[in-house]
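Protein chains in written order, with the working numbering: chain A, 1 to 165; chain B, 1001 to 1121.
Inspection log for the structure reproduced underneath, given as structure tokens.
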Amino acid sequence: MPEPAPSSTFTASGLAGASASGAPPPPGMARLVLPRADGRTIAAIFVGGALGTLARAALAEAFPGSATSWPWPTFAVNIVAAFLLGYFVTRLQERLPLSSYRRPLLGTGVCGGLSTFSTMQVEILKMISAGDWGLAAGYTAASVAGGYAAIHLATGLVRRARVRR
Amino acid sequence: MSVLVWAGVMVIGGAGSVLRFYVDGIVASASGRDFPYGTLVVNLSGAVLLGLITGLAVTGDTALLAGTAAVGSYTTFSTWMLESQRLTEERQYRKALLNVVVSLVFGVAAAALGRLIGVHL
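Following this line, the structure appears as structure tokens:
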């Protein structure tokens, strides 16, 4: 029997792993609390983010596109990063013992640095500005469907592997 | 393209990721855990910034460092998708759909706003 997914909590970096601010604030009381993170966590995010960003930037520089062409570099890194994040987070959350640096390094760092939301939005904006609504709609739909499917697939792969054990 | 520029891409990319961690954490602590507002705030603010950089029409190494490295690493597609997928796993379909649609609609609007500001600066 597959166990139910643990209820996700949207804390520091969504699913960064490092405990954010301890107890949630009482209802009706909004407080800005800096996430508590030790130097090791921050260093892990930094190193992972540097590597993910390097890979994405290298791809973007190697394959420059125009406003009305399919943005393959962005599309590819986003789908790959979604698959990796789904894999890492499910594995680290549901399989492996708690680790202080794996999730910040691989999830928040590598996957967060590798994937990008802002570039995708500016690409969609340029497609719309160029009058290519079809490309804008196709790219948006393919990114969301592909990203969602990648997370779903990676999560399923990890959970199935555990059940067989 | 020099080694120094690529070293800069890495340092800035690392810093952008750490900034995302903090902004996300601060917003999440204020907004509660029911909806991934942290990622939403990160992504929308990043879309404004990248739109601004696009409007300023910077090119070459400046665009690579400020746009691709800094703002690109600050925003995230993977966490946005993960949080949406986890919401559907919890049968929170309305929230999942809202997370996708609001990010997309306001994301393009944020980028357009940033570009408009950048063009007029």
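We put the CB at the ideal spot given by N, CA and C, even for glycine.
Every value quoted in this text rests on a predicted model; they were computed, and no experiment measured them.
For B/L1116, the closest Cβ of chain A is not nearer than 8 Å. With respect to the 8 Å criterion, A/A55 and A/P73 are not classified as neighbours on the basis of their beta carbons. A/L105 and B/L1040 have their C-alpha atoms some 21 Å from each other. For A/T90 and A/T119, the gap between their C-alpha atoms comes out near 27 Å. Interface residue (Cβ-Cβ distance to chain A less than 8 Å): B/T1059 is not classified as such. Close to chain B, meaning a Cβ-Cβ distance shorter than 7 Å, are the following residues of the region 82 to 106 of chain A: A82, L85, G86 and V89.
Boundaries of the alpha helix (DSSP H) harbouring A/P73: W72 to E94, taken from the DSSP string. At least one C-beta of chain B is nearer than 8 Å to the C-beta of A/Y148. Burial check for A/P97: the Cβ neighbour count within 10 Å stays below 16, so the residue is exposed.
Residue range G39 to A62 is occupied by the alpha helix (DSSP H) that includes A/A50.
Following the DSSP letters along the chain, one finds A/Q121 inside the alpha helix (DSSP H) bounded by residues S118 to S129.
At a cut-off of 8 Å between C-beta atoms, B/Y1093 does not count as an interface residue with respect to chain A. Secondary structure at B/F1106: helix, using DSSP grouped into helix, strand and coil. A Cβ-Cβ separation of about 2 Å places A/T53 in contact with B/G1013 under the 8 Å criterion. Chain order gives the chain B residues near A/F46 as G1014, A1015, S1017 and V1018, where near means a beta carbon separation below 8 Å. B/R1094 has its alpha-carbon roughly 21 Å from the corresponding atom of A/A82. Remark: three or more beta-carbon pairs, one from each stretch, lie closer than 8 Å, so the region 1113 to 1120 of chain B and the region 1047 to 1063 of chain B are flagged as touching. Listed along chain A, no residue sits closer than 7 Å to B/T1062 by beta-carbon distance, the nearest being about 13 Å off. Excluding its 5 nearest sequence neighbours in each direction, A/G49 has C-beta neighbours in its own chain below 8 Å: T108, G109, V110, G112 and G113, listed in chain order. Residues of chain A with a Cβ closer than 9 Å to the Cβ of B/G1008 do not exist, since the nearest Cβ in that chain sits about 10 Å away. Apart from sequence neighbours up to five positions away, the residues of its chain that approach B/S1103 with a beta-carbon distance below 7 Å are L1040, N1043 and W1080, ordered along the chain.
B/E1089: member of the alpha helix (DSSP H) spanning S1078 to E1089, first to last residue.
The C-beta of A/T68 comes no closer than 8 Å to any C-beta of chain B.
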